[in-house]
Structures are given as structure tokens and as C-alpha cells.
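Just below is one structure, and these are the notes that go with it.
Number of protein chains: 2
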Amino acid sequence: MLSKSEISFIKSLHLKKYRKDHNLFIAEGFKSVSEFINSDYTIETIYCTAALLPKLYKFSRKIKLVEITEAEISKVTALTTPQGVLATIRIPTRTEISAEGLKNAFTLVLDGVQDPGNLGTIIRTADWFGFTQILCSGDTVEVYNPKVVQATMGSLSRMKIHYTDLEKTLSTSGLPIFGALLNGTSVYEVDFGKEGLIVLGNEGKGITPAVQQIITEAVTIPRFGDAESLNVAVSSAIFCSEIKRKSIK
Amino acid sequence: MLSKSEISFIKSLHLKKYRKDHNLFIAEGFKSVSEFINSDYTIETIYCTAALLPKLYKFSRKIKLVEITEAEISKVTALTTPQGVLATIRIPTRTEISAEGLKNAFTLVLDGVQDPGNLGTIIRTADWFGFTQILCSGDTVEVYNPKVVQATMGSLSRMKIHYTDLEKTLSTSGLPIFGALLNGTSVYEVDFGKEGLIVLGNEGKGITPAVQQIITEAVTIPRFGDAESLNVAVSSAIFCSEIKRKSIK
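Chains as they are written, first to last, in my numbering: chain A, 18 to 266; chain B, 18 to 266.
Written as C-alpha cells, this is what we have:
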């Protein structure tokens with residue numbers, strides 16, 4: 018049974034201001050919550066229905082589990098269709114990304130991506146293709162937004178997300194910086210080599226001029242039809258796919 | 018100035034039942050509406066703010082243009098951020114797809130895709146890669162849902178969408194039928210040839226067993242990391258990209 022103040026506390030975590038104040042975010046659904054349990058994240062509390070209680074208890078006996086009803090879940094959920102379990106999870110301490118930490122890998126760099134569904138899908142796709150970290154500009158949508166968490170389908174539990182000053186971090190990386198731009202080399206032809214950063218821009222405005230200046234190679238997904246542009250999550254996926262396809266040739 | 022009954026009429030088109038009754042759907046935003054004007058679709062009425070009136074009038078003097086205020090747009094819009102113009106557009110008469118109409122091309126086949134954003138993104142991506150038609154199972158989300166129309170970013174004006182009995186249409190096509198499945202040939206290795214159908218399944222359940230039986234080649238996007246699955250719009254994009262990449266080799 019949840020008290021009124023518990024309900025309003027959990028609901029407050031739908032909003033960025035309160036996530037920041039309490040240093041907590043929420044994840045929902047059995048798959049997503051169980052992947053956070055098996056990760057480096059610290060679970061604060063899991064609220065779940067009686068049906069899921071034994072399954073979650075098996076995962077870890079150290080976690081605070083609170084049984085609530087379907088009706089109560091529907092009062093605190095951020096989903097249109099609640100899934101019987103909601104966890105409050107600690108927002109990890111920000112770690113600085115070093116040039117060393119970017120070497121010998123490919124890292125996606127998001128310059129102002131705004132749509133939560135896009136960021137979530139990018140994280141899920143990057144995880145599928147074996148990428149382990151993503152750099153985001155300060156104005157990229159916050160990764161602990163419930164819609165982002167949901168769209169990652171648990172992949173957020175494995176992906177390191179760094180919000181950083183892109184100009185500074187990119188220019189001191191010493192790595193090739195590929196940018197998704199018009200009139201560049203075809204993504205099918207470009208030699209990505211063994212390491213590098215792949216920059217993708219905002220849904221409407223693309224990559225900011227300041228970041229464009231640091232890009233060492235403009236890369237384009239060839240267009241065969243009439244659409245004016247591609248969705249940024251789709252573009253990211255094609256970049257991830259091409260980098261991996263070439264790595265196994 | 019919109020009357021109360023006009024407001025409720027336009028708003029009713031947010032719902033499938035009324036779109037079907039009136040045989041109309043809505044599209045919003047200058048880019049999307051202008052692409053429908055320059056297409057085979059028949060525009061019923063365009064409602065727009067004074068600022069956009071001259072720009073739209075230039076496109077076609079034959080279309081019924083109604084000037085309305087920002088406040089009025091916000092009463093009828095299906096968007097969170099209305100864009101100053103909303104058009105009501107005739108739903109075209111359904112045409113039957115023939116086996117002949119599928120030859121010498123690649124066609125995406127969607128078996129139960131449910132999320133409007135996914136369907137819209139798939140249409141936009143298919144348009145970018147030069148595909149011209151998509152087959153959908155009867156239980157795929159309706160393409161004239163405002164969220165689908167919005168996510169296509171105007172590409173719906175160019176793409177032919179056929180809702181059809183997939184088992185019947187696929188089995189009589191005489192074409193290779195590739196299916197996005199686990200444990201198939203790598204999408205990077207498969208020979209797509211010059212024509213064929215590419216089947217993608219529902220977000221949670223994948224391709225239905227009956228349709229799986231008609232598939233002639235299972236194709237898999239290789240996984241390099243830990244995500245359990247890819248978003249269906251992302252998978253579609255990688256299939257489109259691979260088919261086109263191989264076609265230009």
C-alpha cells in the first residue's frame with residue numbers, strides 16, 4: 018500500500034527537476050528492471066505487483082521490494098500501459114571522459130538530439146552493435162527521462178552516457194571525427210579504420226557549426242529516393258551497422 | 018473563424034472511426050502539407066494561419082484555404098506543437114496489389130507493426146532509399162493515424178501502402194521472400210538479387226508463424242553486443258541500406 022506522499026514522490030520523478038533533486042530515476046517493466054538489477058546501477062526500491070514479487074525476489078534478496086496493486090502502479094507509472102513493476106534507481110555520479118577512454122573503439126556523439134524516443138532507440142541500437150559509450154552535448158535530452166529509459170529496452174543498464182562539452186572533448190581526443198553530413202564520402206565507401214567518433218546532429222538543425230568545424234571527415238548515407246532526410250536514430254543505426262560490417266570483412 | 022461544429026469535425030479525424038466514416042485524414046506542417054499538394058492525393062481543405070496563407074496560395078489556387086488563428090489551430094491539432102497549417106485530405110481508394118506490381122523491385126512487408134512512430138519512420142526511410150510501396154498485414158497500425166502521417170515527414174505522399182492478406186499476396190508473388198528472423202544468413206552476406214519482398218514483424222512477437230512458413234530466406238542482422246533485439250524501424254532501415262548498398266556495387 019502506497020501513501021499519498023509516496024505516490025507523489027514517485028510521480029515527481031517523471032520530471033527532470035525532481036530527478037536531479039533526489040538523484041533518482043525510474044525504470045519500468047520486468048526486463049528493464051531485471052537488467053538494471055544485474056548492472057552497476059544501485060536500485061533504491063522496487064514497487065511491483067504480487068505476481069512479480071517472487072520472480073524479482075529471486076534476482077536479489079538485498080533489494081527493497083514493495084508490493085503494490087495494479088491500481089497503485091497506474092497512479093505512478095510513466096507508461097500508457099504499466100507493466101507491473103517500477104524501480105527507483107540512483108543516478109550514477111558523473112565521471113569525466115578522458116581522451117584515453119575513447120581510444121581503440123568507436124563512440125557515437127550526439128549533438129543536440131531532442132526526442133526521448135530517438136535517444137532511447139540510439140542507445141538500444143548502439144548496445145546491439147557492441148558500442149559501450151555515447152557522448153552527448155549538454156543540450157541533448159536527459160537520458161533519465163522515463164521515455165528514454167523505456168525506449169532503451171534495458172540497454173541503458175549497459176551503456177555509459179557522458180554529457181560533455183563536445184568542442185573540448187572532441188578536439189582533444191586525437192581521434193578521427195566522422196560527421197553525418199550532406200555531400201560527404203558515402204558511408205559505404207569510407208574507411209572508418211579501428212577507432213573514432215561518429216557525430217550525429219539535432220533532428221531539425223543537424224550538427225552545430227562549431228562542432229562541424231572539428232569534424233575530420235564528412236560522411237553521407239546515399240539517398241536513392243525523395244525523402245528530404247532520415248530520422249537520427251535510423252542514421253545512427255546505419256552508421257553502427259556499416260562500422261561493424263567493415264570490421265568483420 | 019472556425020465554428021464549433023467545424024472544430025469537432027476536424028478533431029474527430031484524430032480517430033480511425035471518423036476517418037473511415039468521412040474518408041478523410043489530416044496532415045500538419047508546411048513541408049508535409051506542401052508535399053501532399055504536389056502529389057496524387059486530393060486535398061479537401063487547408064486551414065492555416067495568416068502568415069502561411071500567401072505561401073500556400075502560391076502552391077495551388079484551386080485548393081480551399083481557410084484562414085484560422087493560432088488559438089484555433091491549437092484546438093484541432095493532433096500535435097503537441099502545432100505548426101500553423103493543417104490539411105484535411107481524401108483517403109485514396111484501395112487498389113489491389115498484383116503479383117505483376119511487385120516485380121523488378123524490393124518491397125517492405127510489415128506483419129503487425131503496431132507503433133505509429135515506427136510505421137511513419139519506416140515509410141520515411143523506405144522513401145529515402147527509393148522504395149515505392151509497402152505491404153501491410155490487416156492488423157498493422159492504420160497509416161492515416163496522425164502520428165504515422167507526422168512521422169513520415171511528407172514521405173507518405175509518395176509511398177503506396179497496401180493493406181492485404183499477407184499469406185495470399187506473398188505466396189502468389191513468385192518472388193524471393195526474405196524475412197528478418199534470428200539464426201538466418203547475415204544481412205551483410207545474403208544475395209538479395211534484383212527483386213524480392215522483405216518481411217518485418219511485430220515489435221514484440223515478430224513475424225507470425227503462418228507468414229514465417231512462406232519465407233524463402235531467413236536473414237539476420239548480426240549482433241555484436243548485448244541488446245536483446247532491435248527496434249523494427251531500425252531493422253527496416255538496415256535492410257533497406259544493405260539492399261541498396263549491394264545494388265550499386
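We treat Cβ as the ideally placed atom computed from N, Cα and C, and that holds for glycine. What you are looking at is a predicted structure, and each value in this text was computed from that prediction instead of being measured.
The beta carbon of Glu-212(A) sits no closer than 9 Å to any beta carbon of chain B.
The C-beta of Ser-115(B) comes no closer than 9 Å to any C-beta of chain A. Closer than 9 Å to the CB of Leu-247(A) there is at least one CB belonging to chain B. Per the C-alpha coordinates, the member of Ser-115(B), Glu-45(B), Val-130(B) positioned closest to Pro-99(B) is Glu-45(B). Comparing alpha carbon positions, the residue from Met-176(B), Asp-182(B), Ser-253(B) closest to Ile-139(B) is Ser-253(B). In this structure, Ala-244(A) places its C-beta atom within 9 Å of the C-beta atom of Trp-145(B). Under the DSSP assignment, Ile-151(A) falls in the beta strand (DSSP E) whose first and last residues are 150-153. Using a CB distance cut-off of 9 Å, Arg-107(A) does not count as an interface residue toward chain B. For Phe-209(A) against Lys-263(A), the beta-carbon gap comes to about 6 Å, under 8 Å, which counts as contact. Note on geometry: alpha-carbon atoms of Asn-162(A) and Leu-96(A) lie some 12 Å from one another.
For the stretch 53-85 of chain B, no residue has a beta-carbon sitting nearer than 9 Å to a beta-carbon of chain A. Counting only Cβ-Cβ distances below 8 Å, Ile-255(B) has contacts in chain A at Ala-254, Ile-255, Ser-258, in chain order. Listed in chain order, the non-local C-beta contacts of Thr-66(A) below 8 Å within the same chain comprise Glu-84, Ile-85, Thr-86, Glu-87, Ile-90, Gly-101, Val-102, local neighbours out to five positions each way being set aside. Chain-order list of chain B residues neighbouring Phe-123(A): empty, with the shortest C-beta distance near 11 Å, by a criterion of under 8 Å.
In this structure, DSSP gives Tyr-74(B) a helical state, which the three-state scheme calls helix.
For Phe-47(B), not one C-beta of chain A is nearer than 9 Å to its own C-beta. Between Arg-111(A) and chain B, the shortest Cβ-Cβ separation is not below 9 Å. Here DSSP, grouped into helix, strand and coil, assigns Tyr-35(A) to helix.
With contacts defined as CB atoms closer than 9 Å, Ile-215(B) and His-179(B) fail to qualify as a contacting pair.
Taking the Cα of Thr-105(A) as reference, the smallest distance to any Cα among Arg-240(A), Pro-71(A), Ala-143(A), Ile-54(A) is reached at Ile-54(A). With its beta carbon at least 9 Å from every one in chain B, Phe-195(A) lies outside the interface.
Per DSSP, Val-236(B) is not a residue of any alpha helix (DSSP H); the beta strand (DSSP E) it occupies stretches across 234-237. Contact between Val-228(B) and Val-207(B) does not hold, since their C-beta atoms are separated by about 18 Å, which reaches or exceeds 8 Å. The C-alpha of Val-251(A) lies about 22 Å from the C-alpha of Gly-201(B). In this structure, Ser-190(B) sits near Leu-119(B), with a CB-CB distance shorter than 9 Å.
Against chain A, the beta carbon of Thr-138(B) has neighbours under 7 Å at Asn-248, Val-251, listed in chain order. For Ser-188(B), the enclosing alpha helix (DSSP H) covers residues 183-188.
With respect to chain A, the C-beta atom of Ile-265(B) has a partner C-beta closer than 9 Å. Annotation for Asp-156(B): Gly-129 place their beta carbon closer than 7 Å to its own, counting only its chain and skipping 5 residues before and after. Residues of the stretch 142-157 of chain B whose Cβ lies closer than 9 Å to any Cβ of chain A, in chain order: Thr-142, Ala-143, Asp-144, Trp-145, Phe-146, Gly-147, Phe-148, Thr-149.
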